[in-house]
Amino acid sequence: MSQTSTSAPSAPSDTAPELPPRHLSQAVLGQAGRRGPLRYGERVQVTDTKGRKNTFVLDPRGYFQSQRGSFYHRDVVGLEEGTVLTTDTGHELLLLRPLLADYVLSMPRGAQVVYAKDAGQVVAMGDIFPGARVLEAGVGSGALTMSLLGAVGPQGHLVSVERREDFAAIAASNVDAWFGGHHPAWDLRTGEFALVAARMEPGSIDRVVLDMLAPWENVPASARALAPGGVFLAYVATVTQLSRTVEALRHSGLFTEPESWESLVRTWNVDGLAVRPDHRMVAHTGFLVTARRLAAGSGPLTRRRPPARGAYDEAGYWEPQDVGERTATDRKVRRVLRDCRARQPEDATPVLPGLPPQGAEGNVPGAAESVPGPALGPAPEAAGGGAAGAGTPPGQPGGQPIGGTGD
């Protein structure tokens with residue numbers, strides 16, 4: 465790729481141009497609508513010769529300053545991606561629009577995020593296809609949600625459930641900022657996953673993706689929502705969560721034999737004949753568990769080995785600290801939420817309650833009426849997935865609150 469060099473910027477003019485909106489509304493959502501020269505309202509990633517990156521939004525009155533030099537934002541607008549800018553100190557900076565993996569690292573967050581190496585595994589191994597109907601729990605800051613929306617496309621339907629309203633608002637702001645507006649396939653709700661899933665038509669979901677503290681408690685609700693052959697996928701952080709989730713899937717008798725794994729990423733240094741692995745690597749971040757929904761009346765294949773003794777124990781209420789999660793303080797969450805609301809556009813993604821009044825589903829302001837998706841119906845009277853603790857194995861407490869560990 466050819467690169468051009470631009471001289472140091474000149475002083476700003478006395479008359480500042482009119483300020484653009486805080487969010488750049490795009491006619492075409494996502495990266496497909498961000499082609500061509502750089503524009504006001506877009507995010508730009510600046511990389512120096514040592515690989516250090518800074519991301520900011522182009523503003524007519526903006527000014528970038530670092531140890532490698534400085535420049536005015538107006539001198540960047542109109543340049544092509546891949547331009548090498550020479551600052552007033554003689555240092556070179558590379559200008560690019562950030563990728564999704566870069567945006568996840570720089571966006572505001574209230575909860576831990578699912579990083580690119582795991583999000584890619586979720587999309588590939590969960591077989592998230594264009595037009596899929598996906599039910600997600602544990603939105604967190606919205607990192608995994610953006611990967612899921614990119615996979616299902618505008619013709620699909622993603623229903624995301626988050627227990628905490630502040631996390632849901634932060635996620636809505638991050639997702640809208642990335643796509644340049646409200647994604648027509650996204651339905652964001654707050655509340656308990658099991659209660660939201662219980663109002664959906666049985667078998668109306670193709671994929672269920674859980675990122676929460678206790679996914680094993682929602683195996684019955686997930687089985688009810690999934691169509692035969694649908695994929696159940698859970699992202700967990702510890703081996704204890706992994707074990708309980710796998711055993712719950714086996715005990716339910718509604719899924720195929722679960723598969724579980726983790727992915728490790730190791731980069732390499734390639735410099736002539738000096739080829740070696742880097743000294744640092746991205747090791748454990750979490751475990752992934754997948755299983756397929758069986759048809760009604762069919763049971764799983766007979767296992768060759770008996771289940772392990774003591775697979776279930778009396779566990780109390782789980783908190784994020786119990787699994788080693790570093791949760792943001794309430795003060796930080798309030799600050800991030802305040803900043804997100806300050807830059808919220810008029811067409812922001814609505815955060816809807818998880819359980820609207822019966823018969824009022826179509827009257828919810830901001831609901832996407834034109835997007836086909838799973839219909840919500842009355843909650844089942846039987847315990848076949850209507851409550852979080854329904855169908856849980858003996859000795860395992862039910863009714864535990866559901867939470868998003870982040871995304």
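So for the sequence shown, the working numbering puts the first residue at 465; every next one is plus one. By construction, the Cβ of each residue, glycine as well, lies at the ideal position given by its N, Cα and C atoms. Only a predicted model underlies this, so the values are computations on that prediction, with no experimental measurement involved.
query = Contact check, Gly-574 vs Asp-651 under 8 Å by CB: the rounded distance?
reply = Counted from its first residue, the sequence shown places residue 574 at position 110. Counted from its first residue, the sequence shown places residue 651 at position 187. The pair is not a contact, with the Cβ atoms about 20 Å apart (cut-off 8 Å).
task = Give me whichever residues DSSP pairs with Pro-741 in a beta bridge.
result = If you number the sequence shown from 1, residue 741 lands on position 277. Per DSSP, Trp-732.
request  = Flag this pair as yes or no: are the beta carbons of Val-577 and Gly-604 separated by less than 9 Å?
outcome  = Counting from 1 along the sequence shown, the entry for residue 577 is found at position 113. Counting from 1 along the sequence shown, the entry for residue 604 is found at position 140. Closer than 9 Å, so yes.
query = Helix or strand or just coil, what does DSSP make of Met-571?
reply = Within the sequence shown, numbered from 1, the residue matching residue 571 stands at position 107. Three-state DSSP puts Met-571 in coil, outside helix and strand.
query = Touch check for the region 602-619 and the region 536-544: three-plus C-beta pairs under 8 Å?
reply = no
task = Have a look at Ala-661 and Gln-585 and give me their C-alpha separation to the nearest angstrom.
result = Counted from its first residue, the sequence shown places residue 661 at position 197. Counted from its first residue, the sequence shown places residue 585 at position 121. If you take the alpha carbons of Ala-661 and Gln-585, they lie about 24 Å apart.
query = Can you give the Cα-Cα distance for Phe-535 and Val-510, rounded to whole angstroms?
reply = One-based indexing of the sequence shown puts residue 535 at position 71. One-based indexing of the sequence shown puts residue 510 at position 46. C-alpha separation (whole angstroms): 11 Å.
query = Are Leu-697 and Ile-669 touching if we call contact CB-CB under 9 Å?
reply = Stepping through the sequence shown from its first residue, residue 697 is reached at position 233. Stepping through the sequence shown from its first residue, residue 669 is reached at position 205. Going by C-beta atoms, Leu-697 is not nearer than 9 Å to Ile-669.
In DSSP terms, what Lys-517 is bridged to = The residue given as residue 517 occupies position 53 in the sequence shown. The partner list for Lys-517 (beta bridge, DSSP) reads Thr-511.
Pro-873 versus Arg-805, Pro-817, Val-815 and Glu-810, residue with shortest Cα-Cα distance = Absent from the structure is residue 873, since the part of the chain shown begins at 465 and ends at 871.
inquiry  = Relative to the C-alpha of Leu-560, which candidate in Leu-599, Ala-580 and Arg-499 has its C-alpha closest?
reply    = Numbered from 1 along the sequence shown, position 96 holds the residue referred to as residue 560. Cα-wise, what sits closest to Leu-560 is Arg-499.
Local conformation of Asp-651 per DSSP, three classes = Taking the first residue of the sequence shown as position 1, residue 651 is located at position 187. Note: Asp-651 maps to strand in three-state DSSP.
key: the region 702-720 in contact with the region 670-690 per 3-pair CB rule at 8 Å   = yes
ask   = Between Ala-812 and the rest of its own chain, which residues show a CB-CB distance below 6 Å, the 5 nearest in sequence each way excluded?
value = Within the sequence shown, residue 812 is the residue found at index 348, counting from 1. Contacts found: Asp-640.
key: Buried/exposed call for Trp-642, threshold 16 Cβ in 10 Å   = As a position in the sequence shown, residue 642 is number 178, starting the count at 1. Buried.
First and last residue of the uninterrupted beta strand (DSSP E) at Phe-535 = Here the question's residue 535 lines up with position 71 in the sequence shown. It spans 533-536 - the beta strand (DSSP E) in which Phe-535 sits, taken as one unbroken run.
ask   = Are at least three pairs of beta-carbons, each pair with one atom in the region 621-636 and one in the region 790-805, less than 8 Å apart?
value = yes
inquiry  = Please report the straight-line C-alpha distance between Pro-741 and Trp-732, rounded to a whole angstrom.
reply    = Along the sequence shown, one-based indexing puts residue 741 at 277. Along the sequence shown, one-based indexing puts residue 732 at 268. Answer to the nearest angstrom: the Cα atoms are 4 Å apart.
ask   = Checking contacts by CB at 9 Å: is Cys-804 closer than that to chain D?
value = Of the protein chains in the structure, only one exists, and it is not chain D.
query = Are Gly-617 and Gly-645 closer than 9 Å when you measure CB to CB?
reply = Here residue 617 is taken as the residue at index 153 of the sequence shown, counted from 1. Here residue 645 is taken as the residue at index 181 of the sequence shown, counted from 1. No, the Cβ-Cβ distance between Gly-617 and Gly-645 is not below 9 Å.
inquiry  = For Gly-750 and Val-729, I'd like the C-alpha separation in whole angstroms.
reply    = Taking the sequence shown and counting its residues from 1, the one referred to as residue 750 is at position 286. Taking the sequence shown and counting its residues from 1, the one referred to as residue 729 is at position 265. Roughly 12 Å separates the two Cα atoms.
key: Gly-826 in three-state terms, based on DSSP   = Indexing the sequence shown from 1 puts residue 826 at position 362. Residue confidence for Gly-826 is low, a pLDDT of 47 falling below 50, so the modelled location carries little weight; the figure read from the coordinates is stated next. Looking at Gly-826 - three-state DSSP - the assignment turns out to be helix.
ask   = What do you get for Val-753, buried or exposed, if any count of 16 or more other CB atoms within 10 angstroms of its CB means buried?
value = Translated into positions along the sequence shown, residue 753 becomes position 289. Buried.
query = Could you give the distance in angstroms between the alpha-carbon of Thr-876 and the alpha-carbon of Val-521?
reply = Limits of the chain in this structure are 465 at one end and 871 at the other, which puts residue 876 out of reach.
key: DSSP state of Asp-591 mapped onto helix, strand, coil   = Here residue 591 refers to the residue found at position 127 when the sequence shown is read from its first residue. Residue state, collapsed to three classes: coil.
message = Looking at Val-746: is its Cβ nearer than 9 Å to the Cβ of Lys-581?
response = On the sequence shown, residue 746 is found 282 positions in, with the first residue counted as 1. On the sequence shown, residue 581 is found 117 positions in, with the first residue counted as 1. Contact flag set, yes.
inquiry  = For Thr-547, list the residues DSSP reports as bridge partners.
reply    = As a working mapping, residue 547 is identified with position 83 in the sequence shown. Thr-547 is bridged to Leu-559.
ask   = Using the beta-carbon count (16 or more within 10 Å), is Thr-793 buried or exposed?
value = The residue given as residue 793 occupies position 329 in the sequence shown. Counting Cβ neighbours within 10 Å, Thr-793 comes out exposed, since fewer than 16 surround it.
key: For Thr-551, the nearest candidate out of Leu-563, Thr-791, Gln-529 and Glu-545 (CA to CA)   = Position 87 of the sequence shown, counting from 1, holds the residue named residue 551. Among Leu-563, Thr-791, Gln-529 and Glu-545, the Cα nearest to that of Thr-551 is on Gln-529.
Reference Pro-764; option with closest CA among Gln-808, Val-623 and Ser-716 = Within the sequence shown, numbered from 1, the residue matching residue 764 stands at position 300. Taking only the C-alpha atoms, the option nearest Pro-764 is Ser-716.
task = Look at the alpha carbon of Thr-547 and the alpha carbon of Arg-756, and state the distance between them as a whole number of angstroms.
result = For the purposes of this step, residue 547 is identified with residue 83 of the sequence shown, where counting begins at 1. For the purposes of this step, residue 756 is identified with residue 292 of the sequence shown, where counting begins at 1. Distance between the alpha carbons of Thr-547 and Arg-756 is about 47 Å.
request  = Work out the CA separation of Leu-758 and Phe-719 for me, nearest whole Å.
outcome  = One-based indexing of the sequence shown puts residue 719 at position 255. One-based indexing of the sequence shown puts residue 758 at position 294. About 5 Å.
ask   = Which word fits Pro-817, buried or exposed, when buried means at least 16 other C-beta atoms lie within 10 angstroms of its C-beta?
value = Within the sequence shown, the letter at position 353 stands for residue 817. Burial call: exposed.
request  = To the nearest angstrom, report how far apart Ser-686 and Gln-808 are at their CA atoms.
outcome  = The residue given as residue 686 occupies position 222 in the sequence shown. The residue given as residue 808 occupies position 344 in the sequence shown. Going from the Cα of Ser-686 to the Cα of Gln-808 covers about 33 Å.
Own chain partners of His-748 with C-beta closer than 8 Å, once the 5 adjacent residues on each side are dropped = Along the sequence shown, one-based indexing puts residue 748 at 284. Around His-748: Glu-726 and Leu-728.
ask   = For Ala-698, which residues does DSSP report across the bridge?
value = Translated into the one-based positions of the sequence shown, residue 698 becomes position 234. Leu-674 and Val-753.
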